[in-house]
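*Asks:* Residues 0 to 159 in numbering that gives the first Met the number 0 are what the sequence shown spells out, letter by letter. Ideal Cβ positions, reconstructed from N, Cα and C, are used throughout, including at glycine. Keep in mind it's a predicted model, so treat the numbers as computed, not measured.
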Amino acid sequence: MLRIIIISIAIHSLAIFVIFGMAYSIESEMRPGDWHKINEPRVIRYLSSLQSSDIGMIVEGVELSDGDLAVYNLKFLGRVDKLGRGVHLYLFTDSTRTYAYIWIDESGESLPLPDCSELYPNEEGQYGLSGDVYTWKSVQPGHGVVISHCPKEEWLRMKK
0 MLRIIIISIA IHSLAIFVIF GMAYSIESEM RPGDWHKINE PRVIRYLSSL QSSDIGMIVE
60 GVELSDGDLA VYNLKFLGRV DKLGRGVHLY LFTDSTRTYA YIWIDESGES LPLPDCSELY
120 PNEEGQYGLS GDVYTWKSVQ PGHGVVISHC PKEEWLRMKK
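(1) Answer with buried or exposed for residue 119, where buried requires no fewer than 16 other C-beta atoms within 10 angstroms of its C-beta.
(2) Taking contact to mean 3 or more Cβ pairs, one atom from each stretch, closer than 8 Å, check whether the segment 125 to 141 and the segment 72 to 81 are in contact.
(3) Could you give the distance in angstroms between the alpha-carbon of residue 40 and the alpha-carbon of residue 157?
(4) Short of 6 Å in beta carbon distance, which residues of its chain neighbour residue 89, apart from the five on each side in sequence? Order them along the chain.
(5) Between which two residues does the beta strand (DSSP E) harbouring residue 156 extend?
(6) Does the Cβ of residue 147 have 16 or more other Cβ atoms within 10 Å, making it buried, or fewer, making it exposed?
(7) Considering only the alpha carbon of each residue, which of 150, 144, 94 and 80 lies closest to residue 105?
(8) The beta strand (DSSP E) with residue 97 in it runs from where to where?
(9) So, are the CB atoms of residue 84 and residue 59 less than 8 Å apart?
(10) Near residue 113, what residues of its chain come up, given a Cβ to Cβ distance below 8 Å and the 5 sequence neighbours on each side ignored?
(11) How many angstroms separate the CA atom of residue 35 from the CA atom of residue 80?
(12) Which residues bound the beta strand (DSSP E) around residue 139?
(13) In three-state DSSP terms, what is residue 36?
(14) If distances are taken between C-alpha atoms only, which option among 121, 141 and 57 comes closest to residue 32?
(15) Is residue 133 helix, strand or coil when you go by DSSP?
(16) When you compare only the Cα positions, how much space is there between residue 116 and residue 96?
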(Lines of atoms letter the chains of each structure in order from A and count residues from 1; the text may use other names and numbers.)
(Lines give C-alpha, C1' and ligand atoms only; values in the text may rest on other atoms or scores of the structure.)
Protein backbone atom coordinates (compact mmCIF):
# COMPACT_ATOMS: atom_id res chain seq x y z
CA MET A 1 0.00 0.00 0.00
CA LEU A 2 2.81 2.39 0.89
CA ARG A 3 4.45 1.62 -2.45
CA ILE A 4 1.24 2.64 -4.29
CA ILE A 5 1.04 5.92 -2.37
CA ILE A 6 4.69 6.73 -3.11
CA ILE A 7 4.25 5.91 -6.81
CA SER A 8 1.08 8.03 -6.94
CA ILE A 9 2.86 11.01 -5.34
CA ALA A 10 5.78 10.60 -7.72
CA ILE A 11 3.47 10.57 -10.76
CA HIS A 12 1.61 13.69 -9.57
CA SER A 13 4.89 15.48 -8.83
CA LEU A 14 6.21 14.59 -12.26
CA ALA A 15 3.02 15.84 -13.92
CA ILE A 16 3.23 19.15 -12.08
CA PHE A 17 6.91 19.51 -12.96
CA VAL A 18 6.23 18.77 -16.64
CA ILE A 19 3.35 21.26 -16.85
CA PHE A 20 5.15 24.10 -15.06
CA GLY A 21 8.51 23.21 -16.59
CA MET A 22 7.02 23.43 -20.08
CA ALA A 23 5.42 26.79 -19.30
CA TYR A 24 8.73 28.11 -18.01
CA SER A 25 10.74 26.76 -20.91
CA ILE A 26 8.30 28.12 -23.49
CA GLU A 27 8.68 31.66 -22.09
CA SER A 28 12.41 31.39 -21.45
CA GLU A 29 13.13 29.95 -24.90
CA MET A 30 10.85 32.37 -26.73
CA ARG A 31 12.56 33.97 -29.69
CA PRO A 32 12.66 37.80 -29.71
CA GLY A 33 10.36 37.91 -32.73
CA ASP A 34 7.78 35.82 -30.88
CA TRP A 35 8.04 38.07 -27.82
CA HIS A 36 7.30 41.07 -30.01
CA LYS A 37 4.39 39.33 -31.76
CA ILE A 38 2.75 38.76 -28.38
CA ASN A 39 3.58 42.01 -26.57
CA GLU A 40 3.52 44.71 -29.26
CA PRO A 41 -0.23 44.22 -29.93
CA ARG A 42 -0.94 44.25 -26.17
CA VAL A 43 0.76 47.60 -25.71
CA ILE A 44 -0.74 49.07 -28.88
CA ARG A 45 -4.25 48.01 -27.77
CA TYR A 46 -3.64 49.54 -24.36
CA LEU A 47 -2.33 52.82 -25.73
CA SER A 48 -5.15 53.00 -28.28
CA SER A 49 -7.69 52.60 -25.48
CA LEU A 50 -6.56 55.80 -23.73
CA GLN A 51 -9.07 58.64 -24.07
CA SER A 52 -8.84 62.40 -23.67
CA SER A 53 -10.57 61.91 -20.30
CA ASP A 54 -7.44 59.99 -19.18
CA ILE A 55 -5.16 63.02 -19.71
CA GLY A 56 -3.47 63.93 -16.43
CA MET A 57 -4.13 60.51 -14.92
CA ILE A 58 -1.46 58.06 -13.74
CA VAL A 59 -1.99 55.01 -15.97
CA GLU A 60 -1.95 51.41 -14.77
CA GLY A 61 0.03 50.13 -17.73
CA VAL A 62 -0.19 46.72 -19.32
CA GLU A 63 1.39 43.41 -18.31
CA LEU A 64 3.73 41.78 -20.80
CA SER A 65 4.13 38.05 -21.34
CA ASP A 66 7.24 37.94 -19.12
CA GLY A 67 5.45 39.62 -16.22
CA ASP A 68 7.03 43.04 -16.74
CA LEU A 69 4.78 46.09 -16.98
CA ALA A 70 4.84 48.57 -19.85
CA VAL A 71 3.60 52.17 -19.57
CA TYR A 72 3.35 51.63 -15.82
CA ASN A 73 2.84 54.45 -13.33
CA LEU A 74 3.25 57.23 -15.90
CA LYS A 75 1.10 60.33 -16.22
CA PHE A 76 -0.71 60.45 -19.56
CA LEU A 77 -0.16 63.81 -21.27
CA GLY A 78 -2.10 63.16 -24.45
CA ARG A 79 -1.97 61.91 -28.00
CA VAL A 80 -0.42 63.68 -30.99
CA ASP A 81 -2.16 63.49 -34.36
CA LYS A 82 -1.26 64.76 -37.83
CA LEU A 83 2.40 63.69 -37.78
CA GLY A 84 2.03 61.61 -40.92
CA ARG A 85 0.05 58.75 -42.38
CA GLY A 86 -0.18 55.83 -39.95
CA VAL A 87 1.81 57.55 -37.18
CA HIS A 88 0.63 56.99 -33.59
CA LEU A 89 2.28 58.98 -30.78
CA TYR A 90 1.32 59.08 -27.09
CA LEU A 91 3.05 61.28 -24.50
CA PHE A 92 3.71 60.41 -20.85
CA THR A 93 5.76 61.77 -17.97
CA ASP A 94 7.11 60.62 -14.63
CA SER A 95 8.79 62.79 -12.02
CA THR A 96 11.95 63.23 -14.11
CA ARG A 97 11.30 62.71 -17.84
CA THR A 98 8.83 62.90 -20.66
CA TYR A 99 8.39 59.92 -22.98
CA ALA A 100 6.83 59.43 -26.39
CA TYR A 101 5.46 55.98 -27.23
CA ILE A 102 5.40 55.76 -31.02
CA TRP A 103 4.47 53.19 -33.63
CA ILE A 104 3.72 53.37 -37.32
CA ASP A 105 1.31 51.21 -39.27
CA GLU A 106 2.81 48.96 -41.98
CA SER A 107 1.54 51.32 -44.71
CA GLY A 108 2.49 54.50 -42.83
CA GLU A 109 5.22 57.11 -43.22
CA SER A 110 8.42 57.12 -41.16
CA LEU A 111 8.77 59.72 -38.39
CA PRO A 112 12.15 61.41 -37.73
CA LEU A 113 13.32 61.04 -34.14
CA PRO A 114 14.98 63.76 -32.07
CA ASP A 115 18.67 63.62 -31.20
CA CYS A 116 18.82 63.08 -27.44
CA SER A 117 22.61 63.31 -27.09
CA GLU A 118 22.61 66.86 -25.66
CA LEU A 119 19.91 66.07 -23.13
CA TYR A 120 21.24 62.62 -22.17
CA PRO A 121 24.90 62.39 -23.27
CA ASN A 122 25.64 59.09 -21.51
CA GLU A 123 22.71 57.06 -22.80
CA GLU A 124 20.67 56.38 -25.88
CA GLY A 125 17.46 58.26 -26.40
CA GLN A 126 15.25 55.75 -28.17
CA TYR A 127 14.38 52.19 -27.19
CA GLY A 128 12.19 49.39 -28.44
CA LEU A 129 9.50 47.93 -26.24
CA SER A 130 11.87 45.12 -25.24
CA GLY A 131 14.39 47.65 -23.89
CA ASP A 132 16.81 47.25 -26.79
CA VAL A 133 18.32 50.45 -28.18
CA TYR A 134 16.48 51.66 -31.29
CA THR A 135 19.28 52.75 -33.63
CA TRP A 136 17.27 54.11 -36.56
CA LYS A 137 17.08 57.91 -36.98
CA SER A 138 13.36 57.60 -37.79
CA VAL A 139 10.63 55.29 -36.54
CA GLN A 140 9.91 52.96 -39.45
CA PRO A 141 6.58 51.41 -40.46
CA GLY A 142 6.10 48.01 -38.87
CA HIS A 143 8.97 48.31 -36.38
CA GLY A 144 6.64 48.13 -33.39
CA VAL A 145 6.55 50.44 -30.39
CA VAL A 146 9.51 52.81 -30.00
CA ILE A 147 9.96 54.81 -26.81
CA SER A 148 11.67 58.19 -27.13
CA HIS A 149 13.14 59.62 -23.93
CA CYS A 150 13.34 63.13 -25.38
CA PRO A 151 10.18 63.99 -27.33
CA LYS A 152 10.33 67.02 -29.60
CA GLU A 153 8.94 70.27 -28.18
CA GLU A 154 6.73 70.41 -31.27
CA TRP A 155 5.08 67.13 -30.22
CA LEU A 156 4.42 68.47 -26.73
CA ARG A 157 2.73 71.56 -28.19
CA MET A 158 0.57 69.42 -30.51
CA LYS A 159 -0.80 67.04 -27.86
CA LYS A 160 -4.50 66.70 -27.26
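*Replies:* According to the structure data:
(1) Counting other Cβ atoms within 10 Å of its Cβ, residue 119 stays below 16 and is therefore classed as exposed.
(2) no
(3) Between residue 40 and residue 157, the C-alpha separation is close to 25 Å.
(4) Taking C-beta separations shorter than 6 Å and ignoring five residues to either side along the sequence, the partners of residue 89 in its chain run 46, 78 and 100, following chain order.
(5) Not the beta strand (DSSP E): residue 156 falls in the alpha helix (DSSP H), residues 152 to 157.
(6) Under this definition residue 147 is a buried residue.
(7) 144
(8) 97 to 103
(9) Taking C-beta atoms as the reference points, residue 84 and residue 59 fail to come closer than 8 Å.
(10) 124, 147, 149, 150 and 151
(11) Rounded to whole angstroms, the gap between the alpha carbons of residue 35 and residue 80 is 25 Å.
(12) Looking at the DSSP string, residue 139 is not in any beta strand (DSSP E), and its letter there is neither H nor E.
(13) helix
(14) 141
(15) coil
(16) 15 Å
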